[in-house]
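Visitor: Handing you a structure now.
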Amino acid sequence: MRACGVSMSVGSGSRLPALIAALEETNRLEDEKVLREIVERAADPRDFVTEPDKHAAVVAYLNQFLRYDDLELQSQGGRMRLVASGTTFVVTESLSAAARTLELDSVNRDLERALANAEVDPEDAVTSACAVLESVLRSILVEIGKDLPDKKDIASLYKAAREPLGLAPEKTNAHDLVVDDVRSVLSGLITTVQSIGALRTHGGDAHGREAGKPRSIDGRIARLAIHSSGAAALFMIETWQRRYPAKVLHQH
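Given below as structure tokens:
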């Protein structure tokens, strides 16, 4: 419980009553971040490595109660996360798998942090989502031997990586039937990357947040940034693998 930020003293008594008392006090304080941490840790798959069936039973048991609050536990990047019911994370799961394969540890750390904080700390989640994309772009530029731009912001990094990756809209070699559509999508990707960076600047917490100031973004916007960043990062990794099949993408 201490790892979750909960004070608990067993003393000479039984552990169960002490645990119940600690949980009741935490619930009374309505600390959403701590409560979320407790639920997620209760279903941590690392505690059930040799008992996967028991883990599935624990998740199912917790979810039957969580759904009354429109919440559920889902697997994300090897961890269990408490999310709104019906939320899907196909893109982030795929990105997490790719990052693990390529040993891009910082990408996975930032992705996990973004997912964990989307609801409880959306500003931090947006900052982490932007860092995911920055890490991928920086690694790609270093591996192809291209100097990093003077400005290391996400828009400048992507501008430097576009041509080596063959993602410049005006230079796409897409089939004539879809070339205009692909150019439109690639132009939209530029806007997406720039917008993620702008959202981090204006709504993230990289430069701190004024005490008492109301939140400028909510979990919904944070998740949009996470999924947008995840989709863009995964697309760039896949493009790298297709364009440079003999090279291995390392973390930089």
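Using my numbering, the first residue of the sequence shown is number 6, and each one after it goes up by one. Beta carbons are placed, not taken as given, at the ideal position from N, Cα and C, and that holds for glycine.
Between which two residues does the beta strand (DSSP E) containing serine 80 stretch?
Guide: Element bounds for serine 80: 76–81.
Visitor: Quick test of your reading: threonine 177 and leucine 191, contact by CB under 8 Å. State the CB separation rounded to the nearest angstrom.
Guide: 6 Å between Cβ atoms; contact.
Visitor: Under a three-way DSSP split, which group does alanine 89 fall into?
Guide: Alanine 89 sits in a strand when the DSSP states are folded into three classes.
Visitor: Whole angstroms are fine: how far does the CA of leucine 28 sit from the CA of valine 131?
Guide: 30 Å
Visitor: Tell me whether threonine 97 is buried or exposed, calling it buried when 16 or more other Cβ atoms sit within 10 Å of its Cβ.
Guide: buried
Visitor: Residue ranges of each alpha helix (DSSP H) run of no fewer than 4 residues wholly in the stretch 162–215, ordered along the chain?
Guide: 184–208
Visitor: Give me the Cα-Cα distance between proline 57 and alanine 173, rounded to the nearest whole angstrom.
Guide: 46 Å
Visitor: Let me know the secondary structure DSSP gives arginine 20 once reduced to three states.
Guide: helix
Visitor: Hey, is the stretch 224–235 in contact with the stretch 123–137, meaning 3+ C-beta pairs nearer than 8 Å?
Guide: yes
Visitor: Counting pairs of Cβ atoms below 8 Å between the stretch 72–92 and the stretch 114–124, do you hit three or more?
Guide: By the Cβ criterion, the stretch 72–92 is in contact with the stretch 114–124, since at least three pairs of Cβ atoms, one from each stretch, lie closer than 8 Å.
Visitor: Quick check: alanine 237 and valine 187, are their CB atoms within less than 8 Å of each other?
Guide: no
Visitor: Can you give, in chain order, each stretch of the alpha helix (DSSP H) that sits fully within the stretch 22–75 and has at least 4 residues?
Guide: 37–47 and 57–71
Visitor: State the DSSP-derived secondary structure class of valine 220, mapped to helix, strand or coil.
Guide: First, the residue type needs correcting, since residue 220 is arginine and not valine in the sequence shown. Coil, per DSSP.
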